[in-house]
Amino acid sequence: MNQKSLHILIADDDYPYSVLLRKTLIGRGHSVVVVNSGDGAIDILAKEHFDIVLLDYKMEGTNGINVLQWIYGKKIDVPVILITAYGSEQVYEETFKWGAMEYFVKGEMDTVRLPILVEQVYNRYLSRHKKKT
Numbered sequence: 693m694n695q696k697s698l699h700i701l702i703a704d705d706d707y708p709y710s711v712l713l714r715k716t717l718i719g720r721g722h723s724v725v726v727v728n729s730g731d732g733a734i735d736i737l738a739k740e741h742f743d744i745v746l747l748d749y750k751m752e753g754t755n756g757i758n759v760l761q762w763i764y765g766k767k768i769d770v771p772v773i774l775i776t777a778y779g780s781e782q783v784y785e786e787t788f789k790w791g792a793m794e795y796f797v798k799g800e801m802d803t804v805r806l807p808i809l810v811e812q813v814y815n816r817y818l819s820r821h822k823k824k825t
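Numbering (our numbering), first residue to last: 693 to 825.
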C-alpha cells in the first residue's frame, strides 16, 4: 500500500507497549509522538495537528474516554483508535459514542497488523470527508 507519511500521536501509560507501537509505525515511515497520560494528550492536541491518534482507554487521571470527550467538545477533527487491555461491551460502546473510529485489545494486535489498521482507519476517515464535500 502506498501510504503518505502520517503524523501520529500515541497516548499510553504502558511504556514498553508505546515504544513497540512507536517503533512499528516509524518503521512504516510515519512520524510518531508519544505521551504517557491523558493530560499529556490534551496538552499536545491543543497545540499540534495529528493525522491520527492512538489512545489508551485506561490511564491514571485523565483516561482515554475523557480525552475523547475533550476532542469531541473542542470539535477537533482527527480519527482516533482506542486501545484497551481488556475489551468489554461497555468499552466498545463508549469508544464509538464519543467518536473513535476503531478500537483494539492490546494482546490481539500484532506489529504486522497495527500499521495496516492505522492506515485503513486513516483512509476511511479521508473517504468520509470526501463524501461530505
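Cβ coordinates follow ideal geometry from the N, Cα and C atoms, glycine included.
| Check | Outcome |
| --- | --- |
| Stretch-stretch touch, CB-based, cutoff 8 Å, three pairs: the segment 769-778 with the segment 725-736 | no |
| The segment 731-741 touching the segment 708-716, judged by at least three CB pairs closer than 8 Å | no |
| Given Asp657 as reference, the closest of Thr776, Leu717, His741, Leu760 once Cα atoms are compared | Nothing can be reported for residue 657, as the shown portion of the chain is limited to 693 through 825. |
| Boundaries of the beta strand (DSSP E) in which Thr776 is found, first to last residue | 772-776 |
| Whole runs of the beta strand (DSSP E) within the segment 732-785, excluding any shorter than 3 residues | 744-748, 772-776 |
| CB-CB length for Val804 against Ile700, believed under 8 Å | 17 Å between Cβ atoms; not a contact. |
| Thr787 versus Ile757: straight-line alpha-carbon distance, rounded | 7 Å |
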